[in-house]
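Only one structure is covered here, and it is reproduced in the block below.
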Amino acid sequence: MEVEMSNPELDRRAMLGAGALAAAALTAAPANAQPSTAAAFQPKPLPFNPAAVPGLSEKLLRSHFDNNYTGAVRRLGQIEAQLSGLTPASTPGFQLNGLKREELIAWNSMILHEVYFASLGQPAGPSGALATALERDFGSHDRWAAEFASTGKALGGGSGWVLLTWSPRDRRLVNTWASDHTQTLAGGAPLLALDMYEHAYHMDFGAAAGAYVDAFMKALNWRSASEAYARLAA
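Numbering (this note's numbering), first residue to last: 9 to 242.
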């Protein structure tokens, strides 16, 4: 009986080829999978020197940025990665509903924190166009400030946001109250944001939420809001 001798080099090549095919099969995405957008969500750097914001400590601002804002961005990326791996039609409703709810919370948290940090820095007033719009829609800058700050103080001891928002439907500015990341004016664009969650002030002010609101108002930098208003209201 003739015995067939194996060729070590051919065997090695066959094993390598089989391994490559197995690896490709393991890493290939399902036909119905959506591309992951996790990499698209990256934290934006602080737009100011956190050691130079009057009334708010560098420690507070860095903690807020590193833990709350960056945490929301990271969480959003993780949620998007999970959603991209689902088959929506066969996913249980409670699972899809929960992920979509968490997606909205994380996404709005990311956006509102970016507006919040863009609202701070070395104090600077609104541009001529935005200053005129504040007079038109609130009667005066002081009237706007009183309503905005008082709404923030009314949230003290609770949590949420106060937003100066441009309503394209009504072509006007409005201060809006939000007790959750998911509550914003439909179709509105936030220009300024005051974070009233305790993580935004407790390190510096303890339970004195009103003192934090006063410090925030003194540290307002309107540059980003003025630029956004010029684009939106044109």
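Glycine included, C-beta positions come from ideal geometry on N, C-alpha and C.
Keep in mind it's a predicted model, so treat the numbers as computed, not measured.
Per-residue DSSP class, three states only, for residue i
| i | result |
| --- | --- |
| W169 | strand |
| A59 | coil |
| P51 | coil |
| S175 | strand |
| S65 | coil |
| P96 | helix |
| S148 | coil |
| L91 | helix |
| G164 | coil |
| W133 | The question names Trp, but residue 133 is Gly in the sequence shown. Three-state result, G133: coil. |
| L104 | helix |
| G79 | helix |
| N40 | Reliability fails at N40, whose pLDDT of 46 lies under 50, so the model's placement of it is uncertain and the value that follows must be treated cautiously. N40: coil per DSSP, three-state reduction. |
Beta bridge counterpart(s) of residue i as assigned by DSSP
| i | result |
| --- | --- |
| L128 | L228 |
CA nearest to the CA of residue i, picked from the options
| i | options | result |
| --- | --- | --- |
| L228 | E110, S92, L112, S127 | S127 |
| Y77 | A60, F146, S117 | S117 |
| P53 | G79, S71, E122, A97 | E122 |
| M211 | A48, Y237, S167, H72 | H72 |
| S135 | A233, E66, K161 | A233 |
| G166 | F224, A89, A186 | A186 |
| F224 | D178, S158, I119, Q90 | S158 |
| T184 | L193, G85, R177, A154 | L193 |
| R83 | S98, L142, R109 | R109 |
| A236 | L138, R144, G195, D178 | L138 |
For residue j and residue i, believed in contact at Cβ under 8 Å, the rounded distance
| i | j | result |
| --- | --- | --- |
| I113 | H207 | Their Cβ separation, rounded to whole angstroms, is 15 Å, which puts I113 and H207 out of contact at 8 Å. |
| D257 | W174 | With the chain running from 9 to 242 in the structure shown, residue 257 is simply not present. |
| Y124 | A197 | Contact doesn't hold; Cβ gap of about 15 Å is too wide. |
| A217 | Y209 | 6 Å |
| A60 | Q103 | Not quite, the Cβ-Cβ distance comes to about 46 Å (not below 8 Å), so this is no contact. |
| V81 | F56 | About 18 Å; that fails the 8 Å criterion. |
| L181 | F156 | Going by Cβ atoms, the distance from L181 to F156 rounds to 11 Å, so no, they are not a contact pair. |
| L163 | W152 | The Cβ separation is near 17 Å, so there is no contact. |
| L91 | L69 | Rounded, the Cβ-Cβ distance is 32 Å, inconsistent with contact. |
Checklist entry - What are the start and end residues of each continuous alpha helix (DSSP H) run of 4 or more residues lying completely inside the segment 179 to 242, in chain order? => result 210 to 213, 217 to 226, 231 to 240
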